[in-house]
Amino acid sequence: MLAALAGQAQTPPPFWLMRQAGRYLPEYRQVRAQAGGFLDLCMNPELACEVTLQPLRRYGMDAAILFSDILIIPHALGQGLRFAEGEGPVLDAIRDQQGLLKLDLDGLHRRAAPVYETVSRIRAALDDRTALIGFAGSPWTVACYMVEGGGSKEYAHVKRFAYTDPAGFNRLIDILVEATVEYLSMQIQAGAELVQLFDSWAGALSAPDFQRFVVAPTRRITAALKERHPGTPIIGFPRTAGLNLEGFVEQAGVDAVSLDPGVPASWAAKHLQHKVAVQGNLDPVLLIAGGEAMDRAVLDLLETLGNRPFIFNLGHGIIKETSPENVSRLAGLIRDWKPDTRD
Ligand code: CP3
Numbered sequence: 001m002l003a004a005l006a007g008q009a010q011t012p013p014p015f016w017l018m019r020q021a022g023r024y025l026p027e028y029r030q031v032r033a034q035a036g037g038f039l040d041l042c043m044n045p046e047l048a049c050e051v052t053l054q055p056l057r058r059y060g061m062d063a064a065i066l067f068s069d070i071l072i073i074p075h076a077l078g079q080g081l082r083f084a085e086g087e088g089p090v091l092d093a094i095r096d097q098q099g100l101l102k103l104d105l106d107g108l109h110r111r112a113a114p115v116y117e118t119v120s121r122i123r124a125a126l127d128d129r130t131a132l133i134g135f136a137g138s139p140w141t142v143a144c145y146m147v148e149g150g151g152s153k154e155y156a157h158v159k160r161f162a163y164t165d166p167a168g169f170n171r172l173i174d175i176l177v178e179a180t181v182e183y184l185s186m187q188i189q190a191g192a193e194l195v196q197l198f199d200s201w202a203g204a205l206s207a208p209d210f211q212r213f214v215v216a217p218t219r220r221i222t223a224a225l226k227e228r229h230p231g232t233p234i235i236g237f238p239r240t241a242g243l244n245l246e247g248f249v250e251q252a253g254v255d256a257v258s259l260d261p262g263v264p265a266s267w268a269a270k271h272l273q274h275k276v277a278v279q280g281n282l283d284p285v286l287l288i289a290g291g292e293a294m295d296r297a298v299l300d301l302l303e304t305l306g307n308r309p310f311i312f313n314l315g316h317g318i319i320k321e322t323s324p325e326n327v328s329r330l331a332g333l334i335r336d337w338k339p340d341t342r343d
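So this is what it looks like as C-alpha cells:
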C-alpha cells in the first residue's frame, strides 16, 4: 500500500474497501448492538478497534481504516450530533456566524481522545505489512452536514450561507481546516501511516466554488500535514468532481486520488496516473450483484489501472445489502491477478 502510494506499481495491487467494516458483516452487527448507538461505538476504543479488524480477518485487506466517522469533528467541536436509526446523522444546524460562536476548537482533542486511543490500539494489533489509514471529512463536506443539519439533496442552506455571507462561511471553512489538520496530525502521531480526506459532496459545486471550497482548503490541509509529517501520504476523494478532477490532482497536494464509479478508468490511466496513484473505483452495487458482471468489471479495472500505481477499491462505500461471499470472491480475483501479457 505504501509503495503504491510512493509511485511504485505493485502486482497484484494493494486493496481495501471503503466502509469495509459495517452492517454487511454479521460480526459487526453483533458488536454494534453491544455498543449501544453508532456514536457510542465510534467513541469506544476497544470495540472500534475490534470492528476495524473484522474485515481484515475475513479478507486480508492490505490496509485497515480506522473505524470512525467524518462527523466526529463537528461532534468534537461541540456541535450536537446523533445518529437516528434509519435516518442517518442529525446535527443541530449552524446557519450563520452566530452559530459559529458555539464551536469550541480548544475542546477538540479532549473530545476526540477516544479516537486517538483507537488508532494506537489498531496499530498495535496489525502486522507490519498492513497499513493503517486515518481519515477525516474535507471541510466542504463536513460543512454541508454542519449547516444542513444532516444529509441533503439540494445543499440549499450551506450554499445560501456561502453565497450570502462569504466572510462568515470562510470562517467556518477556516475552523474546519484547523480542526482537520489538528485531528489528522494526532491520528498520525497515534499510528496512522496514511490519511484519506473524504469530500463526498465535492460534485455539488460549480467550478469556481470547487476551487474555493474543495481545492483551496484541501491544499491548506495537505501543506500543513506535509510540514508536520513529511512522509505520510494523503489520499483525496473529491467524489463526483468530474472535469474538476485534473485540477484537483495538480493543485490539492495529494499523493493519490480516489475515484468514484463515474470516472472512466482509461481516462484516469491517461490523465491522472502519471501524476498521482489512483484508487478505485468499482461500482459498489456490483458487489451486491456478484457473478459475471462483477468478475468482468474487476478484471477490466485491473487491466486498465494495474500496471501503474494503483490501489484497488470501490468507487464509494460498501452497501449494507452486500453479500460477504462476493467480497471474498473479489479479494481472490485481485490477489490472483497478473498483468495481461498480450499488451
Ligand atoms: O470506511 C470505513 O470502513 C471506515 C469507517 C467510515 C464510516 N463512515 C463508518 C460508518 C468512514 C470512512 C465513514 C465516512 C463517512 N461518514 C462519509 C464519507 C464517505 C461517504 O460515504 O460519502 C460520510 C458522508 C459520512 C457520514 C455518515 N455516517 C452518514 C451519512 C451515515 C449514515 C448512512 C448509513 O449508511 O447509515 C453514517 C453512518 C456510518 N458511518 C455507518 C458506518 C459503518 C453506519 C452506522 C451504523 O452502524 O448504523
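Just so we're aligned: the sequence shown equals residues 1 to 343 in UniProt numbering. Glycine included, each C-beta is placed from N, C-alpha and C at the ideal position.
- Task: Would you decide whether Gly253 is buried or exposed? Buried here means 16 or more other CB atoms lie within 10 Å of its CB.
- Result: By the beta-carbon neighbour count (other beta carbons within 10 angstroms, threshold 16), Gly253 is buried.
- Val31 versus Leu66 - alpha carbon distance: Roughly 16 Å separates the two Cα atoms.
- Message: Quick check: Leu17 and Ile318, are their CB atoms within less than 8 Å of each other?
- Response: Taking 8 Å as the cut-off, the beta carbon of Leu17 is found closer than this to the beta carbon of Ile318.
- Query: Skipping 5 residues on each side, what residues in its chain have a beta carbon closer than 7 Å to that of Ala207?
  - Reply: Excluding positions up to five away in sequence, the list reads Asn244.
- Taking the alpha-carbon positions, what's the Met1 to Ala63 distance? Straight across, the Cα-Cα distance linking Met1 with Ala63 is about 7 Å.
- Mind reading off the beta-carbon distance from Leu272 to Ile234? Whole number of angstroms is fine, and I expect it under 8 Å. Actually they are not in contact, since the Cβ atoms of Leu272 and Ile234 sit about 15 Å apart, beyond 8 Å.
- Query: Thinking C-alpha only, which one of Ile311, Gly36 and Ala143 is nearest Asp92?
  - Reply: Ranking Ile311, Gly36 and Ala143 by Cα distance to Asp92 puts Ala143 first.
- State the Cα-Cα distance for the pair Phe15 and Val147, rounded to the nearest angstrom. Their backbone Cα atoms lie some 34 Å apart in a straight line.
- Any non-hydrogen atom of the ligand CP3 within 7 Å of Gln187 CB: Using a cutoff of 7 Å, the CB of Gln187 does not count as near the ligand CP3, since none of the ligand's heavy atoms is closer than that.
- Under three-state DSSP, which class holds Phe169? Helix.
- Just mark Ser328 as buried or exposed, buried being the case when its beta carbon has 16 or more other beta carbons within 10 Å. By the neighbour-count criterion, in which a residue is buried when 16 or more other Cβ atoms sit within 10 angstroms of its Cβ, Ser328 is exposed.
- Query: When DSSP labels each residue in this structure, what does Leu41 get in the three-state scheme?
  - Reply: The three-state secondary structure of Leu41, taken from DSSP, is helix.
- Message: If the criterion is Cβ atoms closer than 8 Å, does the pair Ala202 and Trp267 meet it?
- Response: Inclusion of Ala202 and Trp267 in the CB contact set at 8 Å is not warranted, their separation being larger than that value.
- Task: Alpha carbon to alpha carbon, how far is Thr52 from Asp343? Give it in angstroms, no decimals.
- Result: Per-residue confidence for Asp343 stands at a pLDDT of 49, beneath the threshold of 50, marking its modelled position as unreliable; no derived number is given.
- Query: Is the Cβ-Cβ distance between Gln8 and Tyr28 less than 8 Å?
  - Reply: Against a cut-off of 8 Å, the Cβ pair of Tyr28 and Gln8 comes out as no contact.
- Query: Using the C-alpha atoms, what's the distance from Asp40 back to Glu46?
  - Reply: Straight-line Cα distance between these residues: approximately 11 Å.
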